[in-house]
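Using the numbering used here, the final residue of the sequence shown is 149, and nothing's skipped along the way.
Glycine is no exception: its CB is placed at the ideal position from the N, C-alpha and C atoms.
Everything below concerns the one structure shown next.
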Amino acid sequence: MAGTILRNEYEKIVGQVSDYTWPRILRRLEISDTTSAKAGVILLVRAYAQLKLLNPNRTIRLSDVQRYEFICSNLPQLSCNGAQLFEALQRLEPRPSKPTIYRWGQEIGVPFSVDKIYTEFEIQQWVKKIASQTKFKFRQPKSIGATS
């Protein structure tokens, strides 16, 4: 039952998936067909489907999915101005320089400007770009009581 829920969530985004491909997807995500359909597992399957939709010919690993989820949780979802986007991008490790951010904007067709208001679609373009940059990662929040 849980397996069909997960498969339905995947198929909502990507489209129909074959019986041969579905077990491979589960193995890549390190979940089994008997895994309960908890919110975290459903989000993992959805994130994998979104990445597969964006990069259909690329092998997507669990670490790619986790990085994509983390990027999505660190960038504004609906709209933001350039200053907010810049602030979010400065949380990346290593911190990208201003010329790098401007170059990324040119590459994705969404030029960066501090004064610009970015739409949801444009933010998704930035998410795709950052997800493709395996060298950059968002810093994990420090746990309470951790020392530097």
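Helix, strand or coil at Y49 according to DSSP, with G and I counted as helix: Helix, per DSSP.
Cβ neighbours of V128 in the same chain (closer than 7 Å, five flanking residues each side left out): For V128, where only same-chain residues beyond five positions count, the Cβ hits under 7 Å are I72, C73 and L76.
Beta-carbon proximity list for I32, same chain, < 7 Å, skipping 5 on both sides: V42
Burial state of A48 (16 or more Cβ within 10 Å): buried
Residue closest to V15, alpha-carbon to alpha-carbon, out of V46, P112 and Q125: V46
Whether V115 touches E123 by CB criterion (8 Å): no
Euclidean distance between Cα positions of N82 and D20: 44 Å
C-alpha distance - N56 paired with S133, whole-angstrom precision: 9 Å
Rounded separation between S80 and E88 - CA only: 14 Å
Sub-8 Å separation of Y69 and L52 beta-carbons: yes
Beta-ladder partner(s) of Y119, from DSSP: C81
Buried or exposed by the 16-neighbour rule on C-beta atoms within 10 Å, applied to I118: Note on I118: under 16 other CB atoms within 10 angstroms of its CB, so exposed under the neighbour-count rule.
Buried or exposed by the 16-neighbour rule on C-beta atoms within 10 Å, applied to E10: buried
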